[in-house]
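Number of protein chains: 2
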Amino acid sequence: MRAYKHVVERVEEQILAGTLKVGDRLPPERDLAAQLQVSRAAVREAMRTLEAQGVVRSGVGSGPDAGTVVSALPSEALTRLLRLHVALANFAMDDVVAARVMLERSSAALAAAHASPAALAAVAEPLQAMAAEPDRHEFNDLDTAFHIAVAEAGGNRLVADMTIAIREAMRLPILRELEQLGDRWPAVRSRLYAEHRAIHDAIAAGDETRAGDLMAEHIHSSRRLLAP
Amino acid sequence: MRAYKHVVERVEEQILAGTLKVGDRLPPERDLAAQLQVSRAAVREAMRTLEAQGVVRSGVGSGPDAGTVVSALPSEALTRLLRLHVALANFAMDDVVAARVMLERSSAALAAAHASPAALAAVAEPLQAMAAEPDRHEFNDLDTAFHIAVAEAGGNRLVADMTIAIREAMRLPILRELEQLGDRWPAVRSRLYAEHRAIHDAIAAGDETRAGDLMAEHIHSSRRLLAP
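Chain order of the listed sequences is A and B. Its first residue numbered 766, the first sequence is counted upward by one per residue in the numbering used here. Its first residue numbered 766, the second sequence is counted upward by one per residue in the numbering used here.
Dropping the structure here:
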């Protein structure tokens with residue numbers, strides 16, 4: 766194994782073991798190199814890798830206090846990797862649809878139970894623009910925004926992060942499918958708009974079961990509508 | 766933004782847009798530096814970052830064909846980041862439990878519908894050792910192995926990857942809780958063993974609803990049993 770990977774793994778082990786927590790400062794480069802018996806260049810490379818992943822921030826503080834600290838991974842770091850994973854891993858489309866149904870049924874039900882007025886307004890907002898007969902590209906962005914708003918409204922951060930990552934990974938494949946609809950596009954757009962509207966209404970009414978069921982039906986029916 | 770991040774983002778955009786696919790070769794360092802108007806050092810640093818994340822492999826081929834190719838992200842890359850994310854992001858424990866219930870109810874039902882004889886044997890295997898009164902550390906490893914085997918038996922790779930990552934992130938917090946049980950440990954161990962056994966039996970019987978319900982109850986009841 767290359768030396769920098771060894772350093773990355775030791776840092777990760779300590780995070781998983783709870784001995785390194787958010788805000789903790791890593792030992793200086795020189796000490797870490799001595800502890801792990803690697804070169805200082807390997808430690809520097811490991812720190813750059815961890816920084817690129819959002820696990821640490823370097824150059825925090827100044828003078829003798831300057832150093833590298835463990836940072837809370839931003840949700841963006843996770844959704845970014847999950848998006849790449851979905852794009853590269855070539856998951857069976859049926860598996861992705863099943864995963865979306867499971868996550869988003871749950872998000873929609875949670876949203877019906879918990880959505881704040883502000884979160885509900887964020888769910889409603891893309892619908893206004895969807896009703897104005899947007900083009901396929903705009904529609905796809907509004908559609909993505911709707912599903913993300915529902916996930917956020919559910920209030921479970923971990924479920925929302927997973928939902929958002931998968932929906933964003935689908936943005937491009939869905940756009941491609943919309944582009945291949947030809948003359949069917951206006952009819953499909955009306956149908957998809959109506960389904961989104963019904964989901965919103967069930968969430969607004971606080972009807973958990975109906976919101977979850979409508980979301981699950983919508984994901985399945987979009988798949989059938991859009992499949993080539 | 767630092768130059769290497771610019772390079773990383775351009776490569777990721779092309780992957781998400783589908784213009785770079787698994788097995789595609791990236792342009793040589795010199796050309797990429799010229800295209801993106803950054804230094805060759807920045808391109809090298811970006812490649813190291815992408816390689817550390819499993820997005821590309823370098824040094825593929827030899828002579829004039831040597832280069833960096835886009836690789837299928839291994840599941841391990843995703844589960845690793847999700848594990849770190851759960852460890853660092855400090856999700857509310859109720860949110861993690863709700864996410865587990867959702868994912869694992871679905872995995873258990875899928876396993877009841879689809880498990881091959883080999884996958885079912887992998888679910889049964891940790892139970893044998895659990896019955897032999899293992900210590901807390903061994904028990905926790907067997908418990909993790911059981912939940913991973915159920916996720917794998919469900920046959921949905923994306924759902925399994927998410928399930929495994931979250932369960933592995935829980936390995937250490939759960940061990941800590943087991944260690945704090947004091948005299949209650951033998952009783953808790955018997956109870957948890959019986960719950961795992963019942964889930965296995967429902968999966969083996971092909972009863973999707975019962976397998977899903979028992980898994981959901983088990984995750985909730987473990988939480989109550991182990992909570993300090």
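Here a beta-carbon is modelled for each residue, glycine too, at the ideal position from N, C-alpha and C. Small disclaimer: the values here were computed from a predicted structure and weren't measured.
Straight-line CA distance for residue i to residue j?
i, j, result
"residue 974(A)", "residue 963(A)", "13 Å"
"residue 946(A)", "residue 844(B)", "36 Å"
"residue 911(B)", "residue 903(B)", "12 Å"
"residue 907(A)", "residue 895(A)", "7 Å"
"residue 988(A)", "residue 933(A)", "16 Å"
"residue 983(A)", "residue 952(B)", "46 Å"
"residue 938(A)", "residue 859(A)", "14 Å"
"residue 776(B)", "residue 814(B)", "12 Å"
"residue 995(A)", "residue 935(A)", "In this structure chain A extends from 766 to 993, so residue 995(A) is not present and cannot be described."
"residue 972(B)", "residue 981(B)", "14 Å"
"residue 940(B)", "residue 961(A)", "43 Å"
"residue 816(B)", "residue 824(B)", "11 Å"
"residue 892(A)", "residue 909(A)", "11 Å"
"residue 925(A)", "residue 818(B)", "23 Å"
"residue 976(B)", "residue 870(B)", "8 Å"
"residue 785(A)", "residue 846(B)", "16 Å"
"residue 965(A)", "residue 956(A)", "14 Å"
"residue 770(B)", "residue 799(B)", "16 Å"
"residue 948(A)", "residue 778(A)", "55 Å"
"residue 978(B)", "residue 801(B)", "53 Å"
"residue 970(A)", "residue 986(B)", "31 Å"
Excluding the 5 residues flanking residue i on each side, which residues of the same chain have their C-beta closer than 8 Å to its C-beta?
i, result
"residue 918(A)", "872, 875, 876, 879, 880, 881, 884, 885, 887, 888 and 968"
"residue 794(B)", "805, 808, 809 and 812"
"residue 991(A)", "939, 942, 943, 946 and 953"
"residue 950(B)", "901 and 943"
Between the options, which has its C-alpha nearest residue i's C-alpha?
i, options, result
"residue 997(A)", "915(A), 791(A) and 957(A)", "Outside the displayed range of chain A (766 to 993) lies residue 997(A), so it cannot be described from this structure."
"residue 849(A)", "789(A), 863(A), 802(A) and 931(A)", "931(A)"
"residue 868(B)", "915(B), 855(B), 842(B) and 815(B)", "915(B)"
"residue 923(B)", "971(A), 961(A), 789(A) and 854(A)", "854(A)"
"residue 901(A)", "990(A), 773(A), 807(A) and 954(A)", "954(A)"
"residue 865(B)", "921(A), 979(A) and 823(A)", "921(A)"
"residue 852(B)", "773(A), 782(A), 794(A) and 799(A)", "782(A)"
"residue 842(A)", "985(A), 820(A) and 957(A)", "820(A)"
"residue 789(B)", "770(B), 774(B), 818(B) and 822(B)", "822(B)"
"residue 928(A)", "840(A), 770(A) and 978(A)", "840(A)"
"residue 958(A)", "801(A), 890(A) and 970(A)", "890(A)"
Under the DSSP definition of a beta bridge, which residues are partnered with residue i?
i, result
"residue 813(A)", "Its beta-bridge partners do not exist; DSSP assigns none."
"residue 822(A)", "834(A)"
"residue 805(B)", "DSSP, once it has assigned bridges, lists no residue as partnering residue 805(B)."
"residue 901(B)", "DSSP output for residue 901(B) lists no bridge partner at all."
"residue 790(B)", "834(B)"
List, in chain order, every chain B residue whose beta-carbon is nearer than 8 Å to that of residue i.
i, result
"residue 992(A)", "Chain B residues near residue 992(A): none, gap ~18 Å exceeds 8 Å."
"residue 780(A)", "849, 852 and 853"
Quick one: residues in its chain with C-beta nearer than 7 Å to the C-beta of residue i, no 5 flanking neighbours on either side, listed in chain order?
i, result
"residue 787(A)", "835, 836 and 837"
"residue 768(B)", "803, 804 and 807"
"residue 780(B)", "835"
"residue 731(A)", "Missing from the structure shown is residue 731(A); chain A here goes from 766 to 993 and no further."
"residue 913(A)", "929 and 932"
"residue 905(A)", "936, 939, 940 and 943"
Kindly list, in the order they appear in chain B, the residues whose Cβ is closer than 9 Å to that of residue i.
i, result
"residue 818(A)", "814, 817, 818, 846 and 849"
"residue 863(A)", "871, 875, 921, 923 and 924"
For residue i, which residues from the same chain have a beta carbon less than 6 Å from its beta carbon, with the 5 sequence-adjacent residues on both sides left out?
i, result
"residue 857(A)", "none"
"residue 862(B)", "988"
"residue 797(A)", "808"
Please list, in chain order, the chain A residues whose beta carbon lies closer than 8 Å to that of residue i.
i, result
"residue 777(B)", "845 and 849"
"residue 837(B)", "853, 854 and 855"
Against residue i, what residues of chain B qualify as contacts under a CB-to-CB distance less than 7 Å, listed in chain order?
i, result
"residue 871(A)", "867"
"residue 927(A)", "927"
Listing by chain order, which chain A residues have their CB less than 9 Å from the CB of residue i?
i, result
"residue 783(B)", "852, 937, 938 and 941"
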